[in-house]
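Residue numbers (this note's numbering): -11 to 598.
Written as C-alpha cells, this is what we have:
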C-alpha cells in the first residue's frame, strides 16, 4: 500500500507528526470548554410583560394573548410557544427551530413587541426580552448575608457592587438577586393631615420632584477664570426631603414633614431567602451557551474574592450548588475509567502476544488516536464532556484491533523468512482493505445519530463524532506510525535472538506470560470440545438459545426508563406549597418549621448548609 511505503521511506516525518500531535493536543484541550453534557443550543427567547396591579387573568387576556397572536403571524421559524400569566406580569417563551439565528429571532420579537405596544392598556411598558438556551443553567450560587447590616443594605451591595463586579467574567450571566429587600425612598402619607391642609397626593409628589432637581447651568467667567456653575438642589440625605416646602398658606409654610414622612424603605417583599437561618440575598451564576462550566465557575470565584476586598467587611458570602465540583468528578471519573481500560487492554495484549515491543506500539497508538479525536472535536466547536469522553472510552477496545492485526500479520510474514521491509509492506498492505472496511462499518453504525433531532441530537452526535474520529485516526496510524515503529524495533530480520539474553528482572514476567499461554491453550482445547458438542446438537442449542433470548425480553417491563440515570450530587431540594393566598410572612414561618424539622433529623456534622 502506498501510504505504508511512504511511511517506511519517510519514517521521521511521521514520528515528528506524532510528537507534534502529542505535544500540541494538550494545549488545544486546555482551551476547549469542559462541561458535564454537550451544549444544547435550542434557541429560546422569553418575552416578559409587566403591569403592576393587574391580575393574572387580565394579564393573559389583555397582554399575553395579543402578543402570542402577533408572534404567530409575523415571526419566522417558531417551533412552539408557551406562556404563563401571574399577577402583575406574564412570561411568553418562544421556542425556535434548530439552526435559527438567535439574534434575528430577538430582533423580530423586539419589533413585534414595540409594534403592538399601542394596542395594549395605557401605561404598559415595553417588555423585557431575554435570549437563552437549554445550556444556560445555574452553575454556582452565592449566598450574601450580614449580621450587622439591614436586608436593604445587603441587597443594595449585592445588586450594585457584587453583581456588577461578577458580570465581567467571560461566559457568565447573572439575573436579578433573589431574596432581600430592594431599597427605595418611601413616602408615608398622613391622609388626615393632607385633608386638613387641603392637599392631595400629587402635591407631595410635585414638591419632592421640584425639590430634587439638577439643572444644566454652564459656566461663569469671573476675572481671568471660567468656572462651572453647579445648580444641584438634591438634598444630601434622604431625611432632608422632609424639610421641602409644599405651599404657603397665610404666610405659613407647609412642609412635607407636616403631611408625610420620607424614609429609607423598601419595596414590598415578594420572596425571602434564608441562609442557615439568617435572612440573606442569593446571586445565581449562569453560564451562557457553550462556555465552560469549569472556567466560568473558577472566574466567578476569583472575581468574588477580589470584590470582597472592596466591600464592607460586615458582608459574608457562602457558596452553594457549585456544579463545577460535580463536573470535575464526572469528567475525571470517565477519564480514569478510560485510562484503566487502556491499561488493562495493554496488559491483555502483553499476555497474549508476549512481546513488550508489540505492547508498546499498541500503547502508543491508542492515546494518539484519542488525542487526534479530541483535537478534531475541539476544532469543530464541541466540548469535553462525559458523552465525548464516554465515546472515547467505548472506542478504546476498538482502537486495539487495527494495530494488533497489523503487528500479528507482519510477525507472520517475518516468521516465514521474508525481508524486514517486504514483510512490513505485505503484512500491512494485506489487511489495509479489510481494516478500511471494518473502519467504515464502525462509522456507519453511528451515522444514523446525525439524523436525530432535538435534545437527543445534541447529546449523541458528539459521542458518535468522538468514536468515528478515533477509529479513523487509529486506521491512519496503523498504516503509518505502526509500520514505522515495527521497522524501528525489528531492525534485524529475526529479533528472536534477543530472547536468549533476557534480563533477570524480566524473567518472572516471561514466565508469567508462558504460563498464561499454556493456560490459554488448555482453555482453547476445552472450548474446541464444547464447540464440537454444540455443533453435534444444533437443534437443542438453537432452541435453548432462543428460549433464553425470549426470557430476557420478559424482563423488559421490570426495567425502569428515564432520560438520564439517577445521580447523587449530595444535595436534595424540597418544594413546599402553602395554601392559596397565604401571605409571604406566613409562608416563611412554614418553611422555618420545615427547616427546623430537617435539622432535628440530620446531624449538624453531616450537613453543609440549608
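A virtual CB, placed ideally from N, CA and C, is assigned to each residue, including glycine.
Nearest candidate by alpha-carbon position, reference residue i, set the options
i	options	result
residue 221	195, 321, 127 and 549	195
residue 322	224, -1 and 25	25
residue -8	346, 475, 502 and 568	475
residue 33	120, 353 and 109	120
residue 326	117, 276 and 381	381
residue 185	239, 247 and 436	247
residue -1	409, 165 and 16	409
residue 153	13, 62, 520 and 295	295
residue 418	393, 437, 403 and 593	393
residue 188	141, 231 and 242	242
residue 603	508, 18, 200 and 205	The structure shown does not extend to residue 603, since the chain spans only -11 to 598, so no value can be given for it.
residue 342	389, 399, 390 and 312	399
residue 167	29, 424 and 141	141
residue 425	449, 402, 256 and 463	463
residue 397	288, 183, 422 and 384	422
residue 579	591, 562, 593 and 590	562
residue 570	18, 156 and 258	258
residue 416	391, 405 and 377	391
Start-to-end residues for the alpha helix (DSSP H) that takes in residue i
i	result
residue 392	374 to 403
residue 583	572 to 589
residue 97	90 to 103
residue 169	From DSSP, residue 169 is part of no alpha helix (DSSP H); its letter is neither H nor E.
residue -3	-10 to -3
residue 406	Counting along the chain, residue 406 falls outside any alpha helix (DSSP H), and DSSP gives it neither H nor E.
residue 55	53 to 62
residue 289	281 to 295
residue 426	420 to 434
residue 538	526 to 541
residue 354	344 to 367
residue 188	Per DSSP, residue 188 belongs to no alpha helix (DSSP H) and is neither H nor E.
residue 47	44 to 47
Extent of the continuous beta strand (DSSP E) run through residue i
i	result
residue 208	207 to 210
residue 140	Looking at the DSSP string, residue 140 is not in any beta strand (DSSP E); the run it does join, the alpha helix (DSSP H), is 139 to 145.
residue 164	Note, residue 164: premise wrong, no beta strand (DSSP E); not H, not E.
residue 180	Residue 180 -> not in any beta strand (DSSP E); alpha helix (DSSP H) instead, spanning 179 to 184.
residue 273	266 to 275
residue 118	116 to 120
residue 214	213 to 216
residue 604	Since the displayed the chain opens at -11 and closes at 598, residue 604 lies outside it and no answer follows.
residue 38	32 to 38
Residue i Cβ short of 7 Å to the ligand SAM heavy atom set
i	result
residue 121	Summarising the ligand content, the structure contains no ligands, and the ligand SAM is consequently not present.
Where residue i sits in the DSSP three-state scheme
i	result
residue 333	helix
residue 23	coil
residue 257	coil
residue 509	helix
residue 70	strand
residue 77	strand
residue 240	strand
residue 136	coil
residue 322	helix
residue 311	helix
residue 7	helix
residue 158	coil
residue 445	helix
residue 560	coil
residue 596	coil
residue 487	The pLDDT assigned to residue 487 is 48, lower than 50, so where the model puts this residue is not dependable; a value taken from the coordinates is nonetheless given after this. In this structure, residue 487 counts as helix in the three-state DSSP scheme.
Own chain residues within Cβ distance below 8 Å of residue i, not counting five before or after
i	result
residue 137	145, 300, 302 and 303
residue 47	37, 39, 73, 74, 75, 76, 77 and 78
residue 249	175, 176, 178 and 230
residue 311	24, 125, 126, 127, 128, 281 and 285
residue 245	230 and 231
residue 582	562 and 564
Residues near residue i by beta carbon distance below 6 Å, same chain, minus five either side
i	result
residue 469	2 and 6
residue 274	124, 126 and 161
residue 308	129 and 131
residue 483	With a pLDDT of only 49 at residue 483, under the threshold of 50, the placement of this residue in the model should not be trusted, and no figure is reported.
residue 219	203 and 205
residue 50	109
residue 472	-5, -1 and 2
residue 395	346
residue 267	139
Cβ-Cβ separation, residue j to residue i (assumed contact under 8 Å), whole Å
i	j	result
residue 253	residue 193	Residue 253 to residue 193, Cβ: 16 Å. No contact.
residue 20	residue 372	5 Å
residue 69	residue 84	Not confirmed; about 10 Å, so no contact.
residue 80	residue 35	4 Å
residue 456	residue 431	5 Å
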